[in-house]
């Protein structure tokens, strides 16, 4: 079993739909990242959070430390949101080198 | 502001040939540096990380090696490429004792 599990693996939705991507992890963490990878491969950091909720534009990320679970939400989805969304965690034991453990990603496709 | 560069962007190499991928970071000093690989259909895998010049830690056994000849330069090498070395290679950096990690644009390597 992977330390970081994402669901769903693939998600196709119509433009305008509310999107939820889930991430569960099995280790103690000091931070959780949500990353976006576009078809060309480049990765952009969307959020880094250790508690509560963060919002940036149409994107919202939440984390529940007790349940070891995080969600990424996209409101009013748009075709340009189509990408692979990756969850990554920094374990508590990784002090000093910031090593991340990655989920395998969720491929999101938004249809116009 | 900080920027991270990788080159080349794409590379096609025959089996058994050598490899050298370069990553440089600008606008920061003494960063932690990371090499990741993303094989087709799989999540990101940490290959090497470095906390300083000449200090390299390997995460997985393989025919790849890494070097850090200068503070902001990280090189991924191989003496003889294998077919299984094909993938998308990402360099990343972080500030020490920080939870954030920033990714380069990546190099897509195809070994034929």
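Residue numbers (my numbering), protein chains in the order written: chain A, 1 to 112; chain B, 113 to 224.
Think of the CB as a built atom: it goes at the ideal place given N, C-alpha and C, for glycine as much as any other residue.
Source: prediction; values computed, not measured.
Contact between the region 113-121 of chain B and the region 53-69 of chain A is absent, with fewer than three C-beta pairs closer than 8 Å.
The closest CA to that of residue 160 (chain B), considering only B:125, B:177 and B:151, is found on B:177. Straight through space, the alpha carbons of residue 25 (chain A) and residue 4 (chain A) are spaced by roughly 4 Å. With three or more CB-CB distances shorter than 8 Å, the region 133-152 of chain B counts as touching the region 200-209 of chain B. As DSSP reads the structure, residue 36 (chain A) sits in a beta bridge with A:44 and A:85. Between residue 9 (chain A) and residue 83 (chain A), the CB-CB gap reaches or exceeds 8 Å.
Put simply, the CB of residue 55 (chain A) is far from chain B, with every gap to its CB atoms at 8 Å or more. Under the three-state reduction of DSSP, residue 80 (chain A) is assigned to helix. Listed in chain order, the positions of the region 99-112 of chain A with a beta carbon within less than 7 Å of a beta carbon of chain B are 99, 100, 102, 103, 104 and 105. Among the residues of chain A, those whose CB is under 7 Å from the CB of residue 217 (chain B) are 42, following chain order.
Bridge partners of residue 104 (chain A) according to DSSP: none are assigned. For residue 195 (chain B), none of the residues of chain A pass the 9 Å Cβ criterion, the least Cβ distance being about 20 Å.
In the pairwise beta carbon analysis, the region 149-169 of chain B is classified as touching the region 98-111 of chain A: at least three pairs are separated by under 8 Å. Beta-bridge partners of residue 21 (chain A) (DSSP): A:72. When Cβ-Cβ separations below 8 Å define contact, residue 213 (chain B) makes contact with chain A.
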